[in-house]
Amino acid sequence: MSKVARAPGASKRLAEDGGASPLSNSLHHLSLQQSPSKASKATPAFADSSSDICPVCKSSRYLNPNMKFLVNPECYHKMCESCVDRIFSHGPAPCPIAGCKRTLRKAKFRSQTFEDLKVEREVDIRRRVAKLFDKQESDFETLIDYNNYLEQVEEINWNLILGIDVEKTEQRLRKWEEARKADLNPNAIRRVTEPDTSQLSDTSHVILKKGATQRKVLMSSSASNLNPLGGGDDAERDTGFVFRGLKKRKAPEPEKPFDPFDGWSIEPQYYSFQGDYNHNWFTAMKNDPQHYAGGYDMREYYSRALCDAFGGMGIFIEDEMTARDTQGFDDAGLGTQSVATVAAGGRDVDMADIF
Amino acid sequence: MAVSPVLSPKPNPPGTKATTNASKAKALAILNHSRSVSSPIAPSAATTPGDGGQDLAEQMNDEVRRQFVSGSRLGEGTYAIVYRGHFRSDPSKLVAIKKMKLNAEFKDGITLDSIREMRHLCELDHPNIIKLYAVFTTKDQNISLVLEHLPRGDLEGLWKDHSIMYGGADIKSWSNMLCQAVWFCHESRVLHRDIKGNNLLIAADNTLKLADFGLARGFADPGRPMTSNVITRFYRPPELLLGSQHYGGCVDIWSTACVIAELALRDFFLPSETDLAQLSVITDVFGIPTETDWPGISSLRHWEVNFKSAAPKRPQPLSFWRQRLPLLGDDGIDLLRGMMAMDPAKRLSAEQVLKHAYWTNYPRPTKKEDLPRQGDGEKKMGEDLKRAGGELESGRTDKVARKLNFG
Ligand SMILES: Nc1ncnc2c1ncn2[C@@H]1O[C@H](COP(=O)(O)OP(=O)(O)OP(=O)(O)O)[C@@H](O)[C@H]1O
Ligand SMILES: [Mg+2]
Ligand SMILES: [Zn+2]
Ligand SMILES: [Zn+2]
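Chains B and U, in that order, give the protein sequences. To convert, take the position in the first sequence, counting from 1, and add 11; that gives the numbering used here. To convert, take the position in the second sequence, counting from 1, and add 845; that gives the numbering used here.
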């Protein structure tokens, strides 16, 4: 929980770390010390060479340097690639390692990342849990809530790693995942997947309610489609886990369609544009190939001429008077006047501009 | 008189979107009274010709000049040297001061370029067009434009920088900002006439801005010729190469399309060595248009020399475009071909461009803040090196994994 250590105001949390969570703390040490102590029991020389022999077909890397070992996260029993091909190519089959009755699928096999398969497994579990519990500090009301959340998540990790309450945890994880999906995609049908009733040892299960009070809930089979707690209220939905201080996730506002004009629009206010106008002079220009072939668009001219003609309509003498009053005598009444001069000045430049 | 008092102190741009360009005259009227609401930009003195004569003009000019502090050199172009600067009143407000070089042709000290730039830029207020804060002259009668500071280089530099990776959504985002700028210019009756990657500068917040209005002008009246010798060669449309002197917004549309293609190719789209070669580079892709393809083409000034006795060329098929510009997708290619219709009368207008389905189709243009930008690559690498060896990007998983003892 390096995150916790670095979080601002977490000093208190650090102090607690030793005492407040004896469970996860001790488990932590247990696991970390377990593997080395076990490994030391095995004869080092043997361990070395055994890692190069496939426990299923007994072919060795010594004879076949290209041999690759694969594991399946279902049970982490190691075997060579050709064994995987041979045994699982025709569909799911039981693990060939004596004593292991798990059914494995070929697609799930992959090469091993860590030397120690225990580590490999733990990392897998943590990866899976971390994917489901990806809340940020900002998702919580307070830092304490966030820390408690991290603590609870860590407990889930260790339950799975050490095989404590696995079924119940898995069940709650499924609910959590379901709730997450519904949250991320509110339009999808809110369907509570019918839980595997054989796993529901009783008709009851436990949820942690806000305020950490535990409450038993009856799962009636008739309510399969409905929220077991009745009512569609999100707060009452069984999400498998409940975390104190978790802010309600706001459905992201659907993104507005992209506007290529970015909100800008320019429409004439005082006239409507006809697109074509007939006047002797216009017509002559319109029919001149130097113009129409050269890319001169008479419509551009019409609309500009109209805009210029009606441009004065946009000057509001009243506004200018107000502006003058607030500004004092210096700028008195200059609006219209300077528009006129700018316009005149502009035309002057135009005259000379044969470019 | 060095500077007409009307032009001298550059007023601040109009404030509200709604009023901009509803009419030029209205906008200018607003300029005037919005001064009372006054940002540090607004020059304080009033401008009436004849009011105080030259002295007043000089006085005002000094006042404007004193509002800015100019610093080190940012770069140099053909017509100007650009300096870093800031508002005297607020050193955090950066500006770029573009000091026009003295031009022998205009002995009175004002180049036509700077007049164009001032005239058009001061009327354009849009997020994708560079802002002109003020104009003043220096003691040596040289004109300086005070422009928005745009520190992230230009679009050409961006596609040339191969440490930057970008994709179709990024191209769409930049292209859209460019097309909005062009649309706004055309709606405001301004032809830019020099659209190209290195005139598209990038702001600190990744906004793309059309800059360098040195060749801009208003739309001409019918019967009034304009020069056909504008627009940097690679981006010059066929009608200008054929000598048209009566043209419109269509010339900018062609250049814009070249820039978009360039982004997707990461190379110049239609490069050539000479003006003559430019037409043949274009016709290699678009074919040689006939009177039917482009009514009236044979009456253009340079048609005879170029096309009269040229062997016919057919335009490239759709497969050529798909193969050269896969990043644009079929809709992007359709847009591009519409923007590059040889006959300018058939070319899409800026408004039609923005109404094309390409913009709203998948992928959605990248949000401005997520666009790749220059300088980021190096910084990122530096940060990566600073991190301890083997440490991963922070995230929940690695924090947990680190607790494991592998010893
Ligand atoms: N607003 C700005 N903010 C920051 N840097 C700028 C700005 N304007 C220009 N520059 C820098 O100054 C250089 C010169 O700019 P300028 O527009 O005068 O010339 P150019 O576009 O490079 O060349 P040409 O004049 O031939 O078009 C640019 O390349 C750029 O690096
Ligand atoms: Mg330039
Ligand atoms: Zn084997
Ligand atoms: Zn097994």
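In this text, a Cβ means the ideal position worked out from N, Cα and C, and glycines have one as well.
Q) What residues from chain U crowd round Gln123(B), counting only those whose CB sits closer than 7 Å? A) Chain U residues near Gln123(B): none, gap ~14 Å exceeds 7 Å.
**Q.** beta strand (DSSP E) segments (min. 3 residues) lying fully within the segment 977 to 1052 of chain U
**A.** Within the segment 977 to 1052 of chain U, the complete beta strand (DSSP E) runs of at least 3 residues are 977 to 982, 988 to 993 and 1045 to 1047.
Q: Closer than 8 Å by beta-carbon distance: list the chain B residues that pair up with Cys1095(U), in chain order.
A: Within chain B, the residues Gly306 and Asp308 have their CB atoms less than 8 Å from the CB of Cys1095(U), given in chain order.
Q. In chain order, what residues of the same chain have a beta carbon less than 6 Å from the beta carbon of Arg116(B), not counting five sequence neighbours either side?
A. Close CB contacts of Arg116(B) within its chain, under the 6 Å cut and outside five residues either way in sequence, are with Pro103 (chain order).
**Q.** As assigned by DSSP and simplified to three states, the class of Ser1164(U)
**A.** In this structure, Ser1164(U) counts as helix in the three-state DSSP scheme.
Q: Check whether the Cβ of Thr982(U) lies closer than 7 Å to any heavy atom of ligand 1, and answer yes or no.
A: No, ligand 1 has no heavy atom inside 7 Å of this Cβ.
(Q) Within the continuous beta strand (DSSP E) that includes Ala925(U), where are the two ends? (A) Membership of Ala925(U) in the beta strand (DSSP E) is indicated by the continuous run Ala925 to Phe932.
Q.
ligand 6 and Thr923(U): does any heavy atom of the ligand fall closer than 7 Å to the residue's C-beta?
A. This structure lacks ligand 6; the ligands present are ligand 1, ligand 2, ligand 3 and ligand 4.
Q. By the criterion of Cβ-Cβ separation under 7 Å, what are the contact partners of Gln302(B) in chain U?
A. According to the sequence as given, residue 302(B) is His; it is not Gln. Going along chain U in sequence order, the residues near His302(B) (Cβ under 7 Å) are Pro1067 and His1091.
**Q.** Interfacial residues, the segment 273 to 285 of chain B to chain U, with Cβ spacing under 7 Å
**A.** Of all residues in the segment 273 to 285 of chain B, Asp273, Trp275, Ile277 and Gln280 have a Cβ within less than 7 Å of some Cβ in chain U.
Q | Assigned secondary structure, Ser70(B) (DSSP; H/G/I helix, E/B strand, else coil) | A | Coil at Ser70(B), not helix or strand.
Q. For the putative contact between Lys946(U) and Tyr924(U), defined by C-beta atoms under 8 Å, what is the C-beta separation to the nearest angstrom?
A. In this structure Lys946(U) touches Tyr924(U) by the C-beta definition: roughly 6 Å separates them, less than 8 Å.
Q. So which residues on chain B does Phe1064(U) lean against when the C-beta distance must stay under 8 Å?
A. Those within 8 Å of Phe1064(U) in chain B are Glu311, Tyr312 and Arg315.
Q) With respect to 7 Å, is the separation between the Cβ of Lys944(U) and the closest non-hydrogen atom of ligand 1 below this value? A) Flag unset: Cβ of Lys944(U) not near ligand 1.
Q. According to the neighbour-count rule (16 or more other Cβ atoms, all chains shown, within 10 Å of its Cβ), is Pro263(B) buried or exposed?
A. By the neighbour-count definition (other C-beta atoms within 10 Å, threshold 16), Pro263(B) is an exposed residue.
Q: Count the other C-beta atoms from every protein chain shown that fall within 10 angstroms of the C-beta of Gln904(U), then say buried if there are 16 or more, exposed otherwise.
A: So Gln904(U) counts as exposed.
Q. In this structure, does DSSP put Met963(U) in helix, strand or coil?
A. It is helical.
Q) What are the boundary residues of the alpha helix (DSSP H) that includes Arg183(B)? A) Looking at the DSSP string, the run of the alpha helix (DSSP H) that includes Arg183(B) is Val177 to Leu195.
**Q.** For Val940(U), the first and last residue of its enclosing beta strand (DSSP E)
**A.** Unbroken beta strand (DSSP E) run through Val940(U): Leu939 to Met945.
Q. Whole-angstrom Cβ separation of Asn987(U) and Leu1053(U), contact assumed at under 8 Å?
A. Beta-carbon to beta-carbon, Asn987(U) and Leu1053(U) are separated by about 29 Å, too far to satisfy the 8 Å threshold.
Q.
Can you look up Met1187(U) in the DSSP assignment and give me helix, strand or coil?
A. Of the three classes helix, strand and coil, the one that applies to Met1187(U) here is coil, per DSSP.
Q. Count the other CB atoms within 10 Å of the CB of Tyr73(B); is the residue buried (16 or more) or exposed (fewer)?
A. By the 16-neighbour rule on beta-carbons within 10 angstroms, Tyr73(B) is exposed.
Q) Interface residues of chain D around Phe252(B) at Cβ under 7 Å? A) Any reference to chain D falls outside this structure, whose protein chains are B and U.
(Q) With H, G and I counted as helix, E and B as strand and the rest as coil, what does DSSP make of Leu1193(U)? (A) The answer is coil: DSSP assigns Leu1193(U) none of H, G, I, E or B.
Q: Please decide whether Phe151(B) counts as near chain U, where near means a Cβ-Cβ distance under 8 Å.
A: Not one chain U Cβ lies under 8 Å of Phe151(B).
Q: Consult DSSP for Met309(B) and reduce its assignment to one of helix, strand or coil.
A: Three-state result, Met309(B): helix.
Q.
If you measure between the beta carbons of Arg139(B) and Val82(B), is that distance less than 8 Å?
A. Result no, Cβ atoms of Arg139(B) and Val82(B) do not sit closer than 8 Å.
Q: Check Lys119(B) in the structure and name its three-state DSSP category.
A: Here Lys119(B) sits in helix by DSSP.
Q. Just the Cα atoms here: how many angstroms apart are Ile960(U) and Leu901(U)?
A. Each residue's Cα considered, the two are about 21 Å apart.
Q) What whole-angstrom Cβ distance do Met1184(U) and Leu1173(U) have, given they're in contact under 8 Å? A) Contact flag wrong, Cβ pair sits at about 12 Å.
**Q.** Buried versus exposed call for Arg910(U) [16 or more other C-beta atoms within 10 Å across all chains shown]
**A.** When all chains shown are included, Arg910(U) counts as buried.
(Q) Check whether chain U comes within 8 Å of Pro76(B), counting only Cβ atoms and requiring the distance to be less than that. (A) Taking 8 Å as the threshold, the shortest C-beta distance from Pro76(B) to chain U does not fall below it.
**Q.** Nearest residue (CA-CA) to Asp985(U), options His1007(U), Lys944(U) and Thr1128(U)
**A.** Nearest C-alpha to Asp985(U): Lys944(U).
Q.
Is Asn196(B) close to ligand 1? I mean its beta-carbon at under 7 Å from any heavy atom of the ligand.
A. Every heavy atom of ligand 1 is 7 Å or more from the Cβ of Asn196(B), so no.
Q | Whole-Å CB distance - Gly1094(U) paired with Tyr303(B), under 8 Å assumed | A | At roughly 15 Å, the Cβ-Cβ gap does not stay under 8 Å, so Gly1094(U) and Tyr303(B) are not in contact.
Q: For Lys221(B), name the three-state secondary structure that DSSP assigns.
A: Because the pLDDT of Lys221(B) is 34, which lies under 50, any placement of that residue in the model is unreliable, and the number read from its coordinates should be weighed accordingly. In the structure shown, Lys221(B) adopts coil according to DSSP, grouped into three states.
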